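Quick note on my numbering: the sequence shown kicks off at 485 and runs consecutively. For glycine and all other residues, C-beta sits at the position ideal for the given N, C-alpha and C. Nothing here was measured: the structure is a model prediction, and the numbers come from that model.
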Amino acid sequence: MHILKLDPRALKDNPDGARRSKSSPQADALLLATVKSVGIIQPPVVSPETDGGNGFVIQAGHRRVRQAIAAGLEEIEVLVTDAANDNGAMRSMIANVAFEPLNPVDQWRGIERLVALGWTEEAIAVALALPVRQIRKLRLLANVFPAMLDQMARGDMPNEQQLRTIAAASLEEQKEVWKAHKPKKGDTAAWWQIANGLSKTRMYARDASFSEDLREAYGIEWADDLFGPADQDNRYTTNVEAFLGAQQEWMTNNLPKKGAVVEVNNWGQPELPKKAERVYGKPGKGDHTGMYIDREGKVQTVHYRMPDPKPAAGKTGSVAPGSSEIEEDTTGSKPRPEVTQKGHDMIGDFRTDALHEALARAPVEDDMLMALLVLAFAGQNVRVDSGANDHVFGPKRFKRHAARLFTDDGRFSFDMETVRVATRATLIDVLSCRRGMSNSGVVSRIAGEAVGANDFLPNMGAEDFLACLSRQALEAAAREVGIQPRPRVRETRSALVEHFKADASFVHHSALFAPDPQEIADLMRQADDAVSGDASADGNAGSAGDAPIGANDTEDANASNEHGPDEQHARENDLQEDVSDDFAEEHSAYGIAAE
């Protein structure tokens, strides 16, 4: 074994190499940048030709040779070794199987080592073909508490959101939280608990209305979130009190005419003065302006209109000129409930908006998302035409799956294995390829293709299914397995039945799960139409032309009625009884009598 300097263009590829798939353009660009920056670190391995030629065959390092040519190198160092009996096929297989890239922790530490040796962040970025921002991000992660890094190096990695929270905290804070949540030997760390212990509310500079003078006056210092999107201002502060104080002072100094600072309720909505009517369109000259700070610290504006003071029927007393106070007649007044029906409607809207916003933006673990999806199917607004037993299911069917996620004392607690079982059972009850009202459509075929359901299709080479095929389809199936079609269709079918009974199974191509590309295109188009329809509905809410079923629902409605009005009516009655039973069971479980 010795080293030579050879022209990379003179080296020949090994036809017995194990890696046949092309590498990604990104990986090739990274390797090319490395070769241009620091050269080839590890020489490719070559061996002399064994068929009488005087050249060399590449045993390891095909990509390095190609990128050396792309970089314009005239000569490269190669390691010459004796040719193997199998032309290096086993050696290539072992080298590719055994190769493993650096884990993230080693990558972080390696960058820190390069910096200590005098490499700049820009030079490291060029050598590794990475953005400078990514190098700075990795350097920030290298400052994670050493004990946490050791845990991550074992393969127990937090998710990106948790990692961001941990890396943004000081080493002292990390040490204290790690001490409280350190896992036992051999266990995985509860990263969500660690991240929660280190999380702090952030107020971003992009949401600030105050000037630099107010920032300095309140002592606000910006830190840069290196994990945020590169196309926006990611500066932030955790000094929430100072940020809100500066925002409040800016609002006070910039109130418009007829403007006032209004408070917000528990849901972050502005509390307007009593009897004020909110103005959603363009405000008039006599309207008032309210300014408030929302949950994210942004200054928001709301317009409202005060009613003209006037005496109402059933009132007694006189009103002084210029006074807006009216003396009320309290005789015969009824006790007002703590919250009116309209108030409960508003609470429902507030809760729904907050829930949807949290589901869209709050950090949620994958196991929690799966559990909540199972729980959602147990809601009283759920109706599924299931293919499990071709029946209509209300929430009662799915409550048995949701019950797996609760402990005996009623706490919402589960492990990942329980979530997997409940999720699989829920998907089984929902997804269906059966023809009729339970058919889930193209989404069930997409799901089947994704989970490899083709491998579980039964042998269709039996008499009952083959009798459903046309003569052309039978003869095509016969030719595929090497059987000569018979003069009569029945004889061809019998030959196929005997063949598939004794030899292999048969699955007709039309039974495979892969959907037609046109069906995917239709699904995407319907999604676009639904988005457009939602936007149109928002702009025309409450119009007289609104129909109970939209244009896109007509086909589904017709499909649901294909069983006839009597059967459809019976199914709806079953669903109502199902929901009623669920209501009774749910309330009796908590000791509440149904009204």
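*Please classify residue 426: is it buried, with 16 or more other beta-carbons within 10 angstroms of its beta-carbon, or exposed?*
In the structure as shown, the chain begins at 485 and stops at 1079. Residue 426 is therefore absent and cannot be evaluated.
*From residue 981 to residue 991, what does the alpha carbon distance come to, in whole angstroms?*
13 angstroms
*My guess is that residue 489 and residue 559 are in contact by the Cβ rule of under 8 angstroms, so how many angstroms apart are they, rounded?*
5 angstroms
*Where do the ends of the beta strand (DSSP E) carrying residue 974 lie?*
Taken as a continuous stretch (DSSP letters only), residue 974 belongs to no beta strand (DSSP E), being part of the alpha helix (DSSP H) at 973-986.
*asked:* By alpha-carbon positions, which one of 696, 860, 776, 943 ends up nearest to residue 749?
replied: 776
*When the distance is taken between beta carbons, is residue 620 closer than 8 angstroms to residue 605?*
yes
_As a quick exercise: from 720, 679, 635, pick the residue whose alpha carbon is nearest that of residue 705._
720
*Just the Cα atoms here: how many angstroms apart are residue 802 and residue 779?*
Per-residue confidence for residue 802 stands at a pLDDT of 47, beneath the threshold of 50, marking its modelled position as unreliable; no derived number is given.
*Under 8 angstroms between the Cβ atoms of residue 664 and residue 694?*
no
*asked:* Which of the three DSSP states is assigned to residue 1001 in this structure?
replied: helix
*Cβ-based neighbour list, residue 678, same chain, cut-off 6 angstroms, excluding 5 preceding and 5 following*: 661, 665
*Report the residue from 977, 943, 978 whose alpha carbon sits nearest the alpha carbon of residue 993.*
943
*For residue 508, the nearest candidate out of 547, 1009, 531 (CA to CA)*: 547
*In the DSSP assignment, find the beta strand (DSSP E) that holds residue 772 and state where it starts and stops.*
772-777
*Length of the line joining the Cα atoms of residue 635 and residue 647*: 13 angstroms
*How far does the beta strand (DSSP E) with residue 859 in it reach, from first residue to last?*
Where residue 859 is concerned, there is no enclosing beta strand (DSSP E), although the alpha helix (DSSP H) it sits in stretches over 850-860.
*What separation, rounded to the nearest whole angstrom, lies between the Cα atoms of residue 637 and residue 588?*
8 angstroms
*Comparing the CB of residue 499 with every heavy atom of the ligand GTP, is any distance shorter than 7 angstroms?*
What this structure holds is no ligand at all, so the ligand GTP is not there to describe.
*Distance between residue 676 and residue 845 (C-alpha atoms, nearest Å)*: 16 angstroms
*If we count the other Cβ atoms within 10 Å of its Cβ and call it buried at 16 or more, is residue 1082 buried or exposed?*
Absent from the structure is residue 1082, since the part of the chain shown begins at 485 and ends at 1079.
*At 4 residues or longer, and completely inside the stretch 907-944: list those alpha helix (DSSP H) runs for me, N to C.*
926-935
_If I measure Cβ to Cβ from residue 711 and keep anything under 7 angstroms in the same chain, skipping five residues before and after, which residues do I get?_
621, 648
*Could you tell me whether the stretch 967-987 touches the stretch 940-959, using the rule of 3 or more Cβ pairs below 8 angstroms?*
yes
_Going by C-alpha to C-alpha distance, which of 930, 938, 940 sits closest to residue 999?_
930
_For residue 527 and residue 562, believed in contact at Cβ under 8 angstroms, the rounded distance_ = 5 angstroms
*Got a sec? Which residues, its chain only, sit under 6 angstroms from residue 970 by beta carbon, not counting five neighbours each side?*
976
*Could you give the distance in angstroms between the alpha-carbon of residue 940 and the alpha-carbon of residue 962?*
23 angstroms
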